[in-house]
Amino acid sequence: MLIDGHGREVNYLRVSVTERCNFRCQYCMPETPFSWAPKENLLSFDELFKFIKIAIDQGVNKIRITGGEPLLRENLDYFIKLIHDYKPSIDLALTTNGFLLPESAQRLKDAGLKRLNISLDSLKPAVAAQIAQKNVLAKVLSGIEKALEVGLKVKINMVPLKGINDSEILDILEYARQRDIRVRFIEYMENSHASSEIQGMHGREILELVKKRYTIHKIGRQESSPSFNYEIEENGYIFGLIDPHKHDFCEDCNRIRLTAEGHLIPCLYFDEAQSIAEAVKSNDIDKAAAILGNVLENKPKENRWGNDEDENDSNRAFYQTGG
Ligand code: SAM
Ligand code: SF4
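When we follow this note's numbering, the leftmost residue of the sequence shown carries the number 897, and every step to the right adds one.
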C-alpha cells in the first residue's frame, strides 16, 4: 500500500503520454506558435510501463491516461494492452478531447480500456471553435457516439466560462442525461498558460444556474473523487461538480501524476516534481521505487487555488500534467 506524508492512501496514477495537442483550448494552451519538448525526451511506452508496474505492485489500482491529447500518441493501444494484461482488474481510463475517437474507440476498447472522460464545452459549433480555436464539434460528437457504441463507459467534462459557454450548462446537462452519461462541471483553474481574456465560473455560480430550472440535492463524493455529486429531483439525473477552489477534496487525495518525460508530480497545483527517467532507462527499479517513496513523502497537504484571485495562478501547464 502506498501512503503519503499526510497518511493518505495513494492508489491512483494519472499518466500523461504527450503534452502535444490538436486543440488550443483557451483555458489550457491558447498561444501559437508553441514549442514542444523534443520527442527524444519522451519516455517510450515500455519505459513508462516499467514505472507503472512498480506502482501497481505497490497498490495502484486505478490508472488514467491523459495528455495533452493522448490519442495523438502512436500505438496507444499497445500501451493500454501492456497495462491491462499486467493486471486485468485495473480500473483503466482515458481522458480525451474526443476528436480522434471515431477512428480509435474500437481499438482502445479491444486493448482493455474501460472508461473514457471526454471534454465537451459546447454544443454550438462556433462556440466550440472559439474555445478550442479549431472547428471541432462534429468530430467530437461523433467520437462520443462511437465510444458509446463500442461499449466504453463515458463521462463528459465541461469547463464553464463566463460569457462564452455559461448559457449552455443546462443544454450539456440535458445532452448527457439523454445518453445516460455523467457530466462533471469543472471550475476553471487559473494558470499562467491560459488566455488572460477568459473568466471561469465558481461552483456556486454553476449550481445557481442549474437551480434556476431544477431542484437539486447534494449526494456527495464517491470515494476519493474530486467530483461532488448532485441529484436533480425532477428526473433523478446525477451530475458532478469539481471545485478545486474549495480544496476540501485534498483531504483524501489519492493520486499522483507521471508526465511523458518521466516527471513524477505529487500535486496538480505545484511545480515540484522528481524525475524517474534515468532510473527506468537504466533499469534501476530500486531507484525508481525510492523516488516514488520520496515524492509521496513530500506530497503537499492541499492545492492553493482559493478565493483570493491574486494567489490563484499556478505555473503548472495542464497540457503537461493532464489536468
Ligand atoms: N486533451 C484531453 C482533454 O481535453 O480532455 C486531456 C487533457 S486535458 C488537460 C484534461 C482535462 O483538463 C480536460 O477535461 C480539460 O477540460 C481540463 N482542463 C484543462 N485546463 C483546465 C483549466 N485551466 N481549468 C479546468 N480544467 C482544465
Ligand atoms: Fe488540448 Fe485538452 Fe488542453 Fe484542450 S484541454 S488544449 S484538448 S490538452
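Every residue, glycine too, gets a C-beta built ideally from N, C-alpha and C.
On a predicted model such as this, the values are computed, not experimentally measured, just so you know.
Short note on residue 963: C-beta closer than 8 Å to some heavy atom of ligand 2.
In this structure, DSSP gives residue 1166 a state outside helix and strand, which the three-state scheme calls coil. Per DSSP, the continuous beta strand (DSSP E) segment holding residue 1053 begins and ends at 1049-1054. Taken through DSSP and simplified to helix, strand or coil, residue 1013 comes out as strand.
Contact check between the region 979-998 and the region 1034-1043: three or more CB pairs, one atom from each, fall below 8 Å, which counts as touching.
Every unbroken stretch of the alpha helix (DSSP H) spanning 4 or more residues and falling wholly within the region 1085-1114 is given here in chain order: 1099-1107. Under the three-state reduction of DSSP, residue 1117 is assigned to strand. Shortest Cα-Cα distance from residue 1149 to any of 1183, 962, 1170, 1199 involves 1199. With fewer than 16 other Cβ atoms inside 10 Å of its own Cβ, residue 899 counts as exposed. C-alpha of residue 1074 to C-alpha of residue 1141: approximately 30 Å in a straight line.
Here the C-alpha atom of residue 1015 lies approximately 10 Å from the C-alpha atom of residue 1079. Look at the region 977-1021 and you find these whole runs of beta strand (DSSP E), each 3 residues long or longer: 987-992, 1011-1015.
In the same chain as residue 983, and ignoring 5 residues on each side of it, the C-beta atoms closer than 6 Å to its own belong to 952, in chain order. Nearest Cα to residue 1194 within the set 1213, 1174, 1185, 1163: 1163. If you compare the alpha carbons of 1024, 1089, 1051, 998 with that of residue 1061, the shortest gap goes to 1024. The C-alpha of residue 937 is placed about 32 Å away from the C-alpha of residue 1052.
With a cut-off of 8 Å, the C-beta of residue 1028 is classified as near ligand 2, since at least one heavy atom of the ligand falls inside that distance. Exclusion of the five residues before and after residue 1077 leaves 1050, 1051, 1052 as the residues of its chain whose Cβ lies within less than 7 Å of its Cβ. Of all alpha-carbon atoms in 939, 941, 916, 944, the one lying nearest the alpha-carbon of residue 931 is that of 916. Between the beta-carbon of residue 910 and that of residue 962 there is about 6 Å, and that keeps the pair under the 8 Å contact cut. In the structure shown, the three-state DSSP call for residue 950 is helix. Residue 912 sits buried, since 16 or more C-beta atoms from the chains shown fall within 10 Å of its C-beta. Distance from the CA of residue 1055 to the CA of residue 1217, rounded to the nearest whole angstrom, comes to 17 Å. From the listed residues 1085, 1018, 1030, 1086, the smallest Cα separation to residue 1059 is found for 1018.
In this structure, residue 933 places its C-beta atom within 9 Å of the C-beta atom of residue 1156.
By the 16-neighbour rule on beta-carbons within 10 angstroms, residue 1139 is buried.
At a cut-off of 8 Å, the beta-carbon of residue 1092 does not count as near ligand 1: no heavy atom of the ligand is closer than that. When Cβ pairs closer than 8 Å are counted between the two stretches, the region 916-927 is seen not to touch the region 1174-1181, the count staying below three.
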